[in-house]
Structure formats: structure tokens, C-alpha cells
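Those sequence lines, one after another, are chains A and B. According to the working numbering, the first sequence holds residues 480 to 649 in order. According to the working numbering, the second sequence holds residues 1121 to 1557 in order. Virtual Cβ for every residue (Gly too), placed ideally from N, Cα, C. Given the structure is predicted, the values throughout are model-derived calculations rather than measurements.
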Amino acid sequence: MNNTVRLALVAACAIVLSACARQVREEPQPAPVAQVAAPAAPAVADGRFGPQDLDTNPCLMQRTVLFDFDMATIRPEFQAIMACHARYLQDRPEARVTLEGHADERGSREYNLALGERRGNAVMGALQAAGGSAGQLTVVSFGEERPTCTASTESCWQQNRRVEIVYTAR
Amino acid sequence: MLRHLATSALLALALLLPLPSQAQALEIDIVGGNAAALPITVVPMPYLGTQVAPDVDVAAIIAANLNRSGQFRTLPLANLVERPVRGTDIQFPTWRVLRQDFIVVGRVLDAPDGGFRVEYELFDVAKQERLLGLAMTGRARGLRDVAHQISDQIYERILGVRGAFWTRIAYVTATGRGDDMQFALMVADADGANPQTVVRSREPLLSPAWSPDGRRLAYVSFERGNSTIYIQELATGARELIASFRGINGAPSFSPDGTRLAMTLSRSGNPDIYVMDLATRALTPVTRHFGIDTEAVWTPDGQSLIFTSDRAGRPQLYQVPVSGGEPVRLTFEGDHNAKASVSFDGKKIAMAQGRRNVYRIAVLDRSRATPVWQTLSPGNLDESPSFAPNASMLLYATKEGGRGVLYAVSADARVRQRLVLTDGDVREPAWSPFRQR
């Protein structure tokens, strides 16, 4: 491993360390080992979400809402994450989200396309009810066409009955 | 309009590279047999010309077709004690001893214009009576088609029902996993031969639907990131984007006269059935309900649509006049009925029926005084039924050994064949209309 690569690795570690330190606690930054530009990040001090929170905030990191068979109602355990995503959308007016709706393999493909959309619409409704703006939300349904697993088991079917919250702009 | 078509065609070529014949073939195995099948001998037809012999075995294709229909059982070649070539060569006692009801003999000759001429005769063994004596010509490339047409003639002469061997099937293949998945919409002969790629994509393809003249396919593609409907001309590959409204654009179905396309659009907020006039692109809504209305197919008289709706809670089939009106529910069996396929005479409706988590193909015969139900497949995940144009067989999709396969089943459920790809899933079958010369 030559010196340039070593320096780059150390610089990368410094960036990561300094970024983590800034968000998790108010702590003095470790002295940088090399001269690197600090990554642009809005301060958390005013309580609003910033884009880096999407990768570190436990609630925002949950992007999958699961559903019961043939249903599009949001279960109580997923209502909780509606609040933080809605707040993120309020704090970041430039943020854009696509809600990708899916279904398990049972039932016809076109019906599942419609069911996936119904689920996406349910999440959109819940996000709007929690303060998100419709202009930031788009629903796309993939029906049963994009499964995360392909076994014909209850557990795989549950994983596929989902809406994915996808940030297309942070 | 022409410029738009040309642009779309270029776009199709640039993005999707439709390639002929690089596709893997479908393998067909016969799974069940019919003890009541009619015994028939199809004697090999020798080439009696002076050019290079064709590499297509016409008699073998005819025999395979008749066997696959479930209505006939052909004598294995090993049991052929004689090989007559014309009617005058036939020793009828031989075939009576072998308990054959019918015998087909023939020969392949040179046609004056450079192709081949197939002459054949069909005999009733017991009556020693000639039922058919015909000739058909074709180029070397078209000899499979000639064999299929001869099969249709034999089938119809004996059973009184038009044959559907000279037809094609459309289907979707999916290979790979996750982000590497590749989808293709394919068209092959009804016996699985000659697979041709219609369109290839990295995004899902579904719901192929034949135009009544067999020249075009409508289908749903996700290549633009959302579901959209295309119509593609098979001979040229030229295609047009028909519907890309906000929301779902799905479940296309041509009217019997080919001038209109029924489709599912959720642009109004929830999926409803619309009919589009293909010449003017004018859209007419047919259903308006907050539930899911989808998978509309036409009745043969072009006056009504049969579609799937969950307006009563779970998916069931309904019928509605194309001009609009209150839909009437058709299905009261099972928890879930979807994806109707209507027989050519309107008498039978095939569907995917779910009952306590087992999904099977069921057929409702509504030509009787009281409707008669028949289950045609064993389950558990059977879907997408598609009738042959003579309704004697139907294709459907299912999952076996963890991957998607197709089955063809006879109308009386006695014979089934499995159609599989060597590598990957096959799904979404659509049986073409009768072919035209």
C-alpha cells in the first residue's frame, strides 16, 4: 500500500469520524490528521432534520412499511415512522419521496399492481396527515414484479407486501 | 402519426435491441394422458423429390400435435409394421389388428417454384374410407406451418371442431435476480418452436394481449419507471406508446374488431376500466368505483367487458356493457376470482380462483341452464389462464420447483403439458387468435 493510498484512507477515516462526532454528541472534533475539506452539513443545533439524518436517525432509517395479506391499512407499529418522515419532509422542502408499492405473488399480476398502488396511497395519506406535503410525494406500484425474496413461504410473502420509502431528493 | 411511429421504432431499437432467435426454446413434456383418446397412425412421409430433402419431419410434427391435444394417441414409430405412402398402399387389416381408428399417409415432393409440396390422405380404418386427400405447398422455412395446418385439417375432419395447432403463444421470460434481472416478451409457435424476442428489457414486462388479426401485441412495460402500455407490430418491431398517464396503465385488451383497446387506468385516483379508440385516442371511462377494477376482457360480440373488481371486498368477476352501466357480478364460488379469459363462443370463462390460499384455474360454463364449474388445475399458485382460439385447450402459469413454468391443459382436464425454459421463469401466457394465410 503506497503513501498516497494510505493518506487517502486516513483522510477518509477522518471525514467519517468527524462527521459522526458532529451529529451524535456535541464534542470537540478530533484534530484532523490531514488537510481535508469538511463535508457540507447543516448544523443540527436548530432541531430540524438535515440530509445526513437519513443515514443516522433510527426512525428515518426505517424505509419499509409492511402490510397484511390483501390489505392496505397501515399497522400501528408502522404509524410511528410516518411521523419522522413527515417531519423530514416539512424540514426539507426540497426533499422528494417516491413511495414504491408492492404485493406478494399470490393473486393476478394486474390486481397486485393495483394493490401495490393502494398501499402506496395509504402511506402517502398517512404522511400527509402527519404534515408532509403532497407535492413532495409520488406513488409508483410494481405489484409483484420486484420481490425482495422468491420463496413461496409466509415469511417471504410478508417481506414482499410492502411500501418502500425512497428519497429521490434529500 | 407516421413520424411518431418511426421515432418510437427507433427508440425501441436503440433502447431495447429486439433480437430475433437468440432466445432459449421452451421445452414441452406431456404430464398426463387420456385413456379415451382416438388411436391414429401418422406414417412418416418420405421426401420423393430430387433436391435437398427438407430437415422438417412433417409427420412427426403432426403426430406431436395430435398427441398434445389429448384427443388422439398416435402409434409409436417402433410399432409401424408397414410404411404406406399413399392410400392405394394401405393394407387395412394390418391397421385393424393394431387397433387403429385412423391412418394418415403422405409424401413430400418438389414444388415447381422451388419449395415443397406435401400431399397427404386421411383414412377411416374400419370403413376403409378416405376422409381427406389434400396437398399444401410451402418453402423449407414454412414447412412447420404446413404441418400445423395439416394437423388442423385432420383434427377438424374427425372431431368437427376447428383445430388450433397453427397458432402462436406470447409469454414473458424473467432471468437473473435482483438488479440483474432481464425480462423478455417472446412469441413462439404453439408447440414452443421458433421463439422470437418481441422486446427485451431490464424492467418488468407483463400482460401481453393479441390483436384479433394476430399482427400486434399490446403489453405493459416498466421501462419508463412506471407502468405504461405499448402496442407493437410483430412483423416490423415498430411500436407506439399508447398510455402513460399518472398512476397505473395496465391490462390492455383489444376489442374483437381490433379498433379499440380496453385498459386499466388509475389517473382518476383509483384503478378503473377505460376503452380507448385506437384511431382517435379518445378515452371513454366504463367503470367508476373507488375499488380496484382491472383485467377487462371483451365478450366475442364486442358488446360487454368482463373484468376483475374487489368492490365487494375480495376480487371477483363482473360483466358490464361497453357503453357503461351497472356491472353485474358473475362469480360466487371461492374467495377470489380474477384474470378472466373468455372462450371464442362466449360460453366459457376461465379464471384464476383462490380458495383458502390455494389458487387454481377454474372454468365457468354459462351456456347451460344452471352455470357449471370445472377445476382444471391442481394449484397452489396457478394463474393467468388463456384459452386457445378453439377453446379446446388453455394455457396457464404456475410455480414449480421455485420457478415460473407454463402448463397447457385440455378442456376436459385430462391432458397437461408443461412448458419450461432451461434457465429462468416463464409467465404471462397469451394464446394467439387463429392464424391467417
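Considering just the uninterrupted stretch of the beta strand (DSSP E) at residue i, what are its terminal residues?
i, result
"residue 1227 of chain B", "1222-1230"
"residue 1158 of chain B", "1158-1162"
"residue 1384 of chain B", "1380-1385"
"residue 1457 of chain B", "1456-1462"
"residue 1243 of chain B", "1236-1244"
For the alpha helix (DSSP H) that residue i lies in, which residues bound it at each end?
i, result
"residue 603 of chain A", "588-608"
"residue 1286 of chain B", "Element bounds for residue 1286 of chain B: n/a, residue is neither H nor E."
"residue 1271 of chain B", "1263-1279"
"residue 567 of chain A", "555-570"
"residue 1188 of chain B", "1178-1188"
"residue 624 of chain A", "From DSSP, residue 624 of chain A is part of no alpha helix (DSSP H); its letter is neither H nor E."
"residue 1436 of chain B", "Per DSSP, residue 1436 of chain B belongs to no alpha helix (DSSP H); it is in the beta strand (DSSP E), 1436-1441."
"residue 1431 of chain B", "Residue 1431 of chain B -> no alpha helix (DSSP H), and no H or E assigned at all."
"residue 629 of chain A", "Run containing residue 629 of chain A: none; DSSP gives neither H nor E here."
Do we get a CB-CB distance below 8 Å when we pair residue i with the residues of chain E?
i, result
"residue 1159 of chain B", "Judged by its chain identifiers, the structure shown contains no chain E, and its protein chains are A and B."
Could you check whether the Cβ of residue i sits closer than 8 Å to any Cβ belonging to chain A?
i, result
"residue 1341 of chain B", "no"
"residue 1504 of chain B", "yes"
"residue 1555 of chain B", "no"
"residue 1391 of chain B", "yes"
"residue 1367 of chain B", "yes"
"residue 1394 of chain B", "no"
"residue 1482 of chain B", "no"
"residue 1428 of chain B", "yes"
"residue 1371 of chain B", "yes"
"residue 1438 of chain B", "no"
"residue 1408 of chain B", "no"
"residue 1459 of chain B", "yes"
"residue 1546 of chain B", "no"
Using a C-beta cutoff of 8 Å, does residue i count as contacting chain B?
i, result
"residue 456 of chain A", "With chain A represented from 480 up to 649, any question about residue 456 of chain A goes unanswered, as that position is not in the structure."
"residue 579 of chain A", "no"
"residue 574 of chain A", "no"
"residue 582 of chain A", "no"
"residue 635 of chain A", "no"
Using the beta-carbon of each residue, which ones in chain A are nearer than 7 Å to residue i?
i, result
"residue 1384 of chain B", "589"
"residue 1287 of chain B", "Within chain A, no residue comes near residue 1287 of chain B; the closest Cβ sits about 23 Å away, beyond 7 Å."
"residue 1472 of chain B", "587"
Cβ closer than 9 Å: which chain B residues qualify as neighbours of residue i?
i, result
"residue 612 of chain A", "The contacting residues do not exist; residue 612 of chain A stays about 17 Å from chain B at best."
"residue 631 of chain A", "1500, 1501, 1519 and 1522"
Starting from the beta carbon of residue i, find every residue of chain B whose beta carbon is closer than 8 Å, and list them in chain order.
i, result
"residue 426 of chain A", "An answer regarding residue 426 of chain A cannot be provided, because it is not within the stretch 480 to 649 covered by chain A."
"residue 549 of chain A", "1434"
"residue 624 of chain A", "1324, 1326 and 1342"
Which residues in chain A sit within 8 Å of residue i, going by Cβ to Cβ distance?
i, result
"residue 1345 of chain B", "619"
"residue 1415 of chain B", "587, 589 and 590"
"residue 1293 of chain B", "The contacting residues do not exist; residue 1293 of chain B stays about 13 Å from chain A at best."
"residue 1456 of chain B", "586"
"residue 1479 of chain B", "585 and 586"
"residue 1412 of chain B", "590, 593, 594 and 597"
State yes or no: is the C-beta of residue i nearer than 7 Å to some heavy atom of the ligand ATP?
i, result
"residue 1280 of chain B", "The ligand ATP is not part of this structure, which contains no ligands at all."
By the criterion of Cβ-Cβ separation under 7 Å, what are the contact partners of residue i in chain B?
i, result
"residue 605 of chain A", "Correct list: empty, because the minimum Cβ distance to chain B is about 17 Å."
"residue 608 of chain A", "In chain order: nothing, as chain B lies at least about 17 Å away."
Show which residues of chain A have a CB atom less than 9 Å away from the CB atom of residue i.
i, result
"residue 1467 of chain B", "Going along chain A, no residue has its Cβ under 9 Å from residue 1467 of chain B, so there is no contact; the nearest lies around 22 Å."
Check your understanding: On the three-pair Cβ rule with 8 Å, is the stretch 1329-1336 of chain B touching the stretch 1171-1189 of chain B?
Key -> Between the stretch 1329-1336 of chain B and the stretch 1171-1189 of chain B there are fewer than three C-beta pairs closer than 8 Å, too few to call the two in contact.
Review point. In the stretch 1281-1354 of chain B, which residue ranges form an unbroken beta strand (DSSP E) of at least 3 residues, counting only runs that do not cross its ends?
Key: 1288-1295, 1302-1309, 1316-1321, 1325-1330, 1336-1341 and 1348-1353
Check your understanding: Counting Cβ pairs closer than 8 Å, one from the stretch 1174-1194 of chain B and one from the stretch 1242-1255 of chain B, do we hit at least three?
Key -> Contact fails: fewer than three Cβ-Cβ distances are below 8 Å.
Point to revise | contact_flag[the stretch 616-625 of chain A, the stretch 588-607 of chain A] where n(CB pairs < 8 Å) is 3 or more | key: yes
Practice item. Give a yes or no on contact between the stretch 1228-1242 of chain B and the stretch 1190-1200 of chain B, applying the rule of three or more CB pairs nearer than 8 Å. Key: no
Review point. Taking the runs of the beta strand (DSSP E) that are 3 residues or longer, which of them lie wholly in the stretch 1480-1523 of chain B?
Key: The qualifying runs are 1492-1495, 1503-1507 and 1513-1520.
Exercise for review: For the stretch 1286-1297 of chain B and the stretch 1205-1217 of chain B, state whether three or more C-beta atom pairs, one from each stretch, are separated by less than 8 Å.
Suggested key: no
Exercise for review: Could you name each continuous beta strand (DSSP E) segment of 3 residues or more that falls completely within the stretch 1365-1415 of chain B, going from the start of the chain to the end?
Suggested key: 1369-1374, 1380-1385, 1392-1397 and 1403-1405
Review point. Can we say the stretch 576-592 of chain A touches the stretch 1317-1332 of chain B, given the rule of at least three CB pairs closer than 8 Å?
Key: Under the three-pair Cβ rule at 8 Å, the stretch 576-592 of chain A counts as touching the stretch 1317-1332 of chain B.
Check your understanding: Is it a yes or a no for the stretch 1385-1392 of chain B touching the stretch 1401-1410 of chain B, going by three-plus beta-carbon pairs under 8 Å?
Key -> yes
Check your understanding: Quick one: any contact between the stretch 1441-1449 of chain B and the stretch 546-566 of chain A, if contact means 3 or more CB pairs under 8 Å?
Key -> no
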